[in-house]
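Peer 1: Please find one structure pasted underneath; my questions will follow.
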Amino acid sequence: MSDSNNSTNVHSNIDDSKNENGKSQLVSLIKREMAVVMRSQSEFVYPLAFFVIVTSLFPLAVTPDPVQLAFIAPGVLWVAVLLSVLMSLNNFYQADFEEGGLEQLLVCGVAGHQIVLAKSIANWLASGLPLVIVTPLIGYLFNLDPQGIKIAVVSLLIGTPVLSLIGSIGMCLTLGLRNGGVLLTLLVLPLFIPVLIFGSSAVQAASSGLDYSGQLAILLALLILSLLLAPFAGSAAMKISID
Amino acid sequence: MWIWFYQMASPKWFYQFTDKLLPWFRGSTLVLMLIGLALGLLFSPADYQQGNTVRIMYIHVPAAFLSMFAYVVMAISGAIGFVWRIKMAHIVSVSCAPIGAIFTLLALITGAIWGKPTWGTYWEWDARLTSELILFFLYIGFMALHNAFDDRTSADRASAVLALVGLVNIPIIHFSVEWWNTLHQGATISKFEKPSMDADMLKALLVFIVAFQVYFFTVLMQRIKSEIIKREKMTGWVKKLVEGKAS
Numbered sequence: 008m009s010d011s012n013n014s015t016n017v018h019s020n021i022d023d024s025k026n027e028n029g030k031s032q033l034v035s036l037i038k039r040e041m042a043v044v045m046r047s048q049s050e051f052v053y054p055l056a057f058f059v060i061v062t063s064l065f066p067l068a069v070t071p072d073p074v075q076l077a078f079i080a081p082g083v084l085w086v087a088v089l090l091s092v093l094m095s096l097n098n099f100y101q102a103d104f105e106e107g108g109l110e111q112l113l114v115c116g117v118a119g120h121q122i123v124l125a126k127s128i129a130n131w132l133a134s135g136l137p138l139v140i141v142t143p144l145i146g147y148l149f150n151l152d153p154q155g156i157k158i159a160v161v162s163l164l165i166g167t168p169v170l171s172l173i174g175s176i177g178m179c180l181t182l183g184l185r186n187g188g189v190l191l192t193l194l195v196l197p198l199f200i201p202v203l204i205f206g207s208s209a210v211q212a213a214s215s216g217l218d219y220s221g222q223l224a225i226l227l228a229l230l231i232l233s234l235l236l237a238p239f240a241g242s243a244a245m246k247i248s249i250d
Numbered sequence: 399m400w401i402w403f404y405q406m407a408s409p410k411w412f413y414q415f416t417d418k419l420l421p422w423f424r425g426s427t428l429v430l431m432l433i434g435l436a437l438g439l440l441f442s443p444a445d446y447q448q449g450n451t452v453r454i455m456y457i458h459v460p461a462a463f464l465s466m467f468a469y470v471v472m473a474i475s476g477a478i479g480f481v482w483r484i485k486m487a488h489i490v491s492v493s494c495a496p497i498g499a500i501f502t503l504l505a506l507i508t509g510a511i512w513g514k515p516t517w518g519t520y521w522e523w524d525a526r527l528t529s530e531l532i533l534f535f536l537y538i539g540f541m542a543l544h545n546a547f548d549d550r551t552s553a554d555r556a557s558a559v560l561a562l563v564g565l566v567n568i569p570i571i572h573f574s575v576e577w578w579n580t581l582h583q584g585a586t587i588s589k590f591e592k593p594s595m596d597a598d599m600l601k602a603l604l605v606f607i608v609a610f611q612v613y614f615f616t617v618l619m620q621r622i623k624s625e626i627i628k629r630e631k632m633t634g635w636v637k638k639l640v641e642g643k644a645s
């Protein structure tokens, strides 16, 4: 039942590992996702390019004044990250859904929450992490001070997986819908608000020399909470879309 | 007890049950609203600071309360429908959404009208108003998702999941907005500056909260009834009902 489709040829491995523990299953699922990602570089490049272009619009639209740019930088960074994570999610689910890969995995007896977790992790590795890596550059362009840049990287490192996880729920809910893209933003952006608030305020606090540990702690709490709950919600949503 | 539970799950039975209840709810909404209006407009004092504008509170607070209450009802009945696959629960959940959205909008509009004389502006990024705005977005998302599916069962189940995710998120969103607000504004003007409200004002407010609550259930039942008719239009009893009304 496998090897006909290039995105489903890892199924036999998953089938073998069914009797083993769930951890190796998760690892092989992530490997499968990453193999699919590696075949086309668009997953890395598009969100990254989107992020850089969106942020570079702000100096043009608002002001090139370095002081004011540093002031709006935390908000701009975080909003641009929210949007590019949202954009990147589609590639991870839609093709797999349309080709039947998702259904095959479920039929093979892979737990839905494992799939969602694996896809969220792969999405973060392929799309979230590159954003974190270019953040120092963008921060520098926005005249953000070194401390602010450092905390921007740390807060994004904690916050972007939360975005991938929550976004996955929305993505699973809108699988196979005609204008799923717009709907996805409608559903998910309000749920991103806590991450946005704590993420950008951590950067603001750091760049104005205040204590930022509270914000980071709450971001970490949000990460733990979403790691625990989002895969199950996503799995429930995915099963609705598939049957 | 269990027989009653099974009956509740049958749209036909629910329709007839609410048919009997509705006149009572309509009547008590009317009476309570009139009592509330009398208490609020005639028998309660004006605020020593805000003057007569404080009377907007009698609409604003119940609307804000019900906007959240409706979400909880929507999410819980959605969850019941999701877990036990009871179609009646989904009907309740779906019928709640527009009512809740309207209450949210009402709370936003009355908040803005109240804000003009008190804060000097229609819109202030106040924690409560911002939370209400986000709640409004959540309602819109729910309704948009429900509309997007062609298949009704999928629509019901997907929007139930979304409502539950929202229910988990609402306290977090509320807390984060509150926290964000205290960070950005030194001293917010609290709507309840006085530690204890005047007894007459409290009385009027409580009557209004109960009146809005009863009104909510009245409108909810009305919506549920039309939703039942819409969904069960192919069944015999609905056909009989419509024919009976026509003749």
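Chains A and B, in that order, give the protein sequences.
Be aware that the first sequence starts at 8, since it is given in the working numbering, and climbs by one per residue.
Be aware that the second sequence starts at 399, since it is given in the working numbering, and climbs by one per residue.
We put the CB at the ideal spot given by N, CA and C, even for glycine.
Three-state secondary structure (DSSP) at G513 (chain B)?
Peer 2: G513 (chain B): helix per DSSP, three-state reduction.
Peer 1: Verify whether the separation of the beta carbon atoms of M455 (chain B) and L603 (chain B) is less than 9 Å.
Peer 2: Yes, these two residues count as a Cβ contact at 9 Å.
Peer 1: When the Cα atoms are used, what is the spatial distance from P153 (chain A) to S214 (chain A)?
Peer 2: Rounded to the nearest angstrom, the two C-alpha atoms are 8 Å apart.
Peer 1: At a CB-CB cut-off below 7 Å, which residues of chain A make contact with R555 (chain B)?
Peer 2: In chain order: I247.
Peer 1: Use the C-beta contact count for A468 (chain B): other C-beta atoms within 10 angstroms, 16 or more gives buried, fewer gives exposed.
Peer 2: Buried, by the Cβ-count rule.
Peer 1: Among all the DSSP beta bridges, which residues are the ones paired with D445 (chain B)?
Peer 2: DSSP output for D445 (chain B) lists B:G449 as bridge partner(s).
Peer 1: With a 10 Å radius around its C-beta and 16 neighbouring C-beta atoms as the bar for buried, classify L235 (chain A) as buried or exposed.
Peer 2: Classification of L235 (chain A): exposed, given that the 10 Å Cβ count is below 16.
Peer 1: Give the interface partners of A542 (chain B) over in chain A, defined as CB-CB distance under 8 Å, in chain order.
Peer 2: Neighbours of A542 (chain B) on chain A, chain order: L190, L193, L194.
Peer 1: Following the continuous alpha helix (DSSP H) through Y219 (chain A), name the residue where it begins and the one where it ends.
Peer 2: Neither: Y219 (chain A) is in no alpha helix (DSSP H) and is coded neither H nor E.
Peer 1: Taking its Cβ as the centre, do 16 or more other Cβ atoms sit within 10 Å of A444 (chain B), making it buried, or is it exposed?
Peer 2: Its Cβ having fewer than 16 others within 10 Å, A444 (chain B) is exposed.
Peer 1: Which residues, taken in chain order from the stretch 198-213 of chain A, show a beta carbon closer than 8 Å to some beta carbon of chain B?
Peer 2: Here the close residues are L198, I200, P201, I204, F205, S208.
Peer 1: Mind listing the chain A neighbours of F547 (chain B)? Cutoff is C-beta to C-beta under 8 Å, in chain order.
Peer 2: The contacting residues are L184.
Peer 1: Could you list the residues in the stretch 58-83 of chain A with a C-beta less than 7 Å from some C-beta on chain B, going in chain order?
Peer 2: So the list is empty, because no residue satisfies the distance condition.
Peer 1: Given that a residue counts as buried once 16 or more other Cβ atoms are within 10 Å of its Cβ, and exposed if not, what is A546 (chain B)?
Peer 2: Buried: at least 16 other Cβ atoms inside 10 Å.
Peer 1: Within 10 angstroms of the Cβ of Q121 (chain A), are there 16 or more other Cβ atoms? Answer buried if so, exposed if not.
Peer 2: So Q121 (chain A) counts as buried.
Peer 1: Could you have a look at P71 (chain A) and say whether DSSP puts it in helix, strand or coil?
Peer 2: P71 (chain A): coil per DSSP, three-state reduction.
Peer 1: Just the Cα atoms here: how many angstroms apart are Q222 (chain A) and T167 (chain A)?
Peer 2: About 15 Å.
Peer 1: Taking Cβ positions only, does G187 (chain A) come closer than 9 Å to chain B?
Peer 2: Answer yes: the Cβ-Cβ gap between G187 (chain A) and chain B drops below 9 Å somewhere.
Peer 1: Considering only the beta carbon of each residue, do S91 (chain A) and L138 (chain A) sit closer than 9 Å?
Peer 2: Yes. Within cutoff.
Peer 1: Quick check: does the Cβ of G183 (chain A) come within less than 8 Å of any heavy atom belonging to the ligand NAD?
Peer 2: The ligand NAD is absent from the structure shown, which contains no ligand whatsoever.
Peer 1: Interface residues of chain A around L560 (chain B) at Cβ under 7 Å?
Peer 2: Ordered by position in chain A, the residues that pass the 7 Å Cβ test against L560 (chain B) are L180, L194.
Peer 1: Within a Cβ cutoff of 8 Å, which residues of the same chain sit near F463 (chain B), ignoring the five residues on either side of it in sequence?
Peer 2: Cβ within range, chain order: I607, F610.
Peer 1: Residues of chain B with CB under 7 Å from A244 (chain A), in chain order?
Peer 2: Here the neighbours are A556, V559.
Peer 1: Can you name the residues of chain A whose CB is closer than 7 Å to the CB of L581 (chain B)?
Peer 2: Those are S208, listed as they occur along chain A.
Peer 1: Considering only C-alpha positions, which residue in the set B:S493, B:L536, B:A525 is nearest to K623 (chain B)?
Peer 2: Measuring from the Cα of K623 (chain B), the nearest candidate turns out to be B:S493.
Peer 1: Could you check whether S248 (chain A) and L182 (chain A) sit closer than 9 Å to each other, using their CB atoms as the reference points?
Peer 2: Contact: yes.
Peer 1: Would you say S11 (chain A) reaches chain B, if we count a Cβ-Cβ gap shorter than 9 Å as a contact?
Peer 2: At S11 (chain A), the pLDDT of 41 sits below 50, so the modelled position is not reliable; the number obtained from the coordinates is stated separately. So no, S11 (chain A) is outside the interface.
Peer 1: Among the candidates A:I158, A:A102, A:C115, whose CA atom is the shortest distance from the CA of L217 (chain A)?
Peer 2: Ranking the options by Cα distance to L217 (chain A), first place goes to A:I158.
Peer 1: What do you get for K126 (chain A), buried or exposed, if any count of 16 or more other CB atoms within 10 angstroms of its CB means buried?
Peer 2: K126 (chain A) is buried by the Cβ-count criterion.
Peer 1: Given this structure, state the Cα-to-Cα distance separating Q211 (chain A) from S220 (chain A), to the nearest angstrom.
Peer 2: The straight-line gap from Cα to Cα measures roughly 12 Å.
Peer 1: Under 7 Å Cβ-Cβ, which residues of chain A neighbour G373 (chain B)?
Peer 2: One cannot answer for residue 373 (chain B) here, as it falls past the ends of chain B, which runs 399 to 645.
Peer 1: Would you verify that the beta carbon of A118 (chain A) is, or is not, closer than 9 Å to some beta carbon of chain B?
Peer 2: A118 (chain A) does not count as touching chain B.
Peer 1: Taking L236 (chain A) as the query, report the chain B residues whose CB atoms sit under 9 Å from its CB, ordered along the chain.
Peer 2: Those within 9 Å of L236 (chain A) in chain B are V563, V566.
Peer 1: How many angstroms separate the CA atom of F51 (chain A) from the CA atom of V88 (chain A)?
Peer 2: Rounded to the nearest angstrom, the two C-alpha atoms are 14 Å apart.
Peer 1: Does any residue of chain B have a CB that is nearer than 9 Å to the CB of A240 (chain A)?
Peer 2: Chain B contact via Cβ: present.
Peer 1: Using C-beta distances below 8 Å, list every residue in its chain close to I532 (chain B), excluding the 5 sequence neighbours before and after it, in chain order.
Peer 2: Contacts found: I571, V575.
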